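Comments concern the structure below.
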Amino acid sequence: MENLMKRVQRVLIGVIAFFAAASMVSCGKEKAETKSDNVSVNDAVEPVKPVVLRMADNHAEDYPTVMGDKYFAKLVEERTDGRVKIEVYHGGQLGDEPTTIEQVSAGVIDFVRVSISPLTQINDKYNVLMLPYLYKDRSQYFKVLDGPVGDEFLKLINSRNMEGLCWFDSGSRNFYNSKRAVKTPDDLKGLKIRVQKSELMMGLVEAVGASPTPMSFGEVYSALQTGVIDGAENNFPSYDSTSHYEAAKYFTIDEHTRVPEMVIVNLDSLKKLSEKDQKTVREAAKEAAKKQREYWLARVEQSRRKMADAGNIITGLSAEEKKAFQDKVYPLYKKFAGNYMNVVDKILATR
Ligand code: GTR
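Mapping of the sequence shown onto my numbering: residues 4 to 354, in sequence order.
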């Protein structure tokens with residue numbers, strides 16, 4: 004009996020041990036499975052979807068501003084490890100300058116590179132930065148833009164949910180036409196000259212005795228060809244890249260104004276990014292501006308040579324001859340910057 008009891012006891016212990024061992028194995032297996040599940044989840048880490056932002060520019064793909072935009076996009080993508088991608092739409096694909104500015108303000112487009120001329124519609128203080136013959140030379144111009152005055156103007160559009168990130172170069176603007184070589188303001192008399200949609204630019208053309216026709220940049224070429232206008236005014240690279248030089252062969256280097264160009268961002272688009280990425284975007288824009296200014300100088304030379312080779316008549320002016328133009332346009336300061344003479348003084352005092 005005792006033997007039987009012992010045998011039953013041993014069998015029971017064996018059975019219990021078996022089940023205990025079996026359950027330990029299955030637990031272990033479960034753990035192992037859980038672990039291997041984790042591993043497989045980690046291994047298949049889904050790449051974080053990049054934030055894709057859109058940038059507009061009205062120039063051709065090989066134009067120095069678009070090259071600057073693309074350099075900016077490249078820096079941003081590299082420095083955010085691909086978290087932020089900027090797609091650059093050149094050639095006015097997203098609209099003309101006034102339209103794209105409105106779209107950036109509304110958050111439909113994230114960035115735009117523009118001439119500040121149309122920004123005067125938002126705040127007339129921008130006229131100050133594009134007054135005729137304001138800057139001594141290119142180096143003083145960028146001292147102003149990269150200093151406190153320029154910083155103030157980058158923020159002037161904050162009220163429209165936008166901010167300027169940096170300043171691009173666009174050289175100086177000059178008259179060109181299809182009728183005759185221009186040496187004096189008198190030579191411009193009666194010519195129909197296209198201008199940007201800006202009161203100051205209209206005033207400027209009137210002041211030198213010509214007749215201003217405001218028009219979108221993209222419409223100028225055919226207007227020149229059909230004779231709707233006799234001429235326009237711009238820098239060498241624009242004269243070249245738009246082929247205006249084919250329809251208006253007389254170009255005068257009168258350098259009547261420098262109109263700064265700005266890269267603008269919609270503030271909500273910027274705030275979508277982490278603080279770190281926002282900082283990267285801001286820094287990349289400033290760095291891209293430096294690069295753009297190099298692209299610019301190279302292109303001015305290239306275009307100038309191309310225009311001369313094409314047989315265009317390029318007229319230079321002596322300091323004396325330029326003064327005749329300056330005397331005609333200086334009265335515009337009172338009308339367009341009368342309320343902001345303190346800023347004009349700061350600019351003139353910048354060395
Ligand atoms: C160019 C400028 C463009 C546009 C154009 C114009 O110099 O880069 O953005 O403003 O002038 O005259 O409309």
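Note that beta-carbon positions come from the ideal geometry of N, C-alpha and C, so glycine has one too. Owing to the predicted nature of the structure, the values given are computational and were not obtained by experimental measurement.
- The C-alpha of residue 107 is placed about 29 Å away from the C-alpha of residue 246.
- Beta-bridge pairing by DSSP links residue 118 to 264.
- For the options 114, 104, 65, the alpha carbon positioned closest to that of residue 120 is the one of 104.
- Under the three-state reduction of DSSP, residue 343 is assigned to helix.
- In the DSSP assignment, the residues bridged to residue 254 are 179, 317.
- When the beta-carbon positions are compared, residue 82 and residue 171 stay at least 8 Å from each other.
- Between the beta-carbon of residue 150 and that of residue 265 there is about 15 Å, and that puts the pair past the 8 Å contact cut.
- Short note on residue 258: C-beta not closer than 7 Å to any heavy atom of ligand 1.
- For residue 68, the CB falls within less than 7 Å of some heavy atom of ligand 1.
- Rounded to whole angstroms, the separation of the alpha carbons of residue 320 and residue 351 is 23 Å.
- Assignment of residue 151 by DSSP, reduced to helix, strand and coil, places it in the helix class.
- In the structure shown, residue 333 falls within a coil segment according to DSSP collapsed to helix, strand and coil.
- When the alpha-carbon of residue 203 is set against those of 235, 279, 70, 332, the nearest one is in 332.
- Judged by DSSP secondary structure, residue 91 falls within the beta strand (DSSP E) whose first and last residues are 87 to 92.
- Relative to ligand 1, the beta carbon of residue 202 is positioned no closer than 7 Å to any heavy atom.
- Between residue 234 and residue 178, the beta carbon gap of about 6 Å places them in contact (Cβ cut-off 8 Å).
- Just so you know, the alpha carbons of residue 188 and residue 328 end up roughly 6 Å apart.
- By the criterion of a C-beta distance shorter than 7 Å, residue 152 is surrounded in its chain by 346, 349, 350, once the five residues flanking it on both sides are discounted.
- Taking 8 Å as the cut-off, the beta carbon of residue 135 is found closer than this to the beta carbon of residue 260.
- Taking a contact as a CB-CB distance under 8 Å, the pair residue 295 and residue 50 does not count as one, their CB atoms being some 31 Å apart.
- Excluding residues up to 5 positions away in sequence, 58, 60, 69, 72, 73, 76 lie with their Cβ nearer than 7 Å to the Cβ of residue 91 in the same chain.
- Counting of Cβ neighbours within 10 angstroms places residue 225 among the exposed residues, the total staying below 16.
- Sequence-distant partners of residue 64 (beyond 5 residues in either direction) whose C-beta falls short of 8 Å from its own C-beta, in its chain, are 93, 94.
- Scanning its chain for C-beta atoms nearer than 7 Å, with the 5 sequence neighbours on each side dropped, one finds around residue 281 the residues 273, in chain order.
- The shortest CA-to-CA distance from residue 275 to any of 210, 230, 86, 293 is the one to 86.
- Per DSSP, residue 214 is one residue of the beta strand (DSSP E) stretching across 214 to 217.
- If you draw a straight line from the Cα of residue 263 to the Cα of residue 139, it comes to about 14 Å.
- In this structure, residue 62 has its CB closer than 7 Å to one or more heavy atoms of ligand 1.
- Of the heavy atoms belonging to ligand 1, none sits nearer than 7 Å to the Cβ of residue 55.
- With respect to residue 353, residue 146 sits close: the two C-beta atoms are nearer than 8 Å.
- In this structure, the alpha-carbon of residue 304 lies about 42 Å from that of residue 52.
- Taken from the Cβ of residue 264, at least one heavy atom of ligand 1 lies inside 7 Å.
- Look at residue 54 here: in three-state DSSP terms it is strand.
- Listed in chain order, the non-local C-beta contacts of residue 180 below 6 Å within the same chain comprise 194, 233, 234, 251, 253, local neighbours out to five positions each way being set aside.
- Judged by the Cβ position, residue 303 fails to qualify as a neighbour of ligand 1 at the 7 Å threshold, every heavy atom of the ligand being at least this far.
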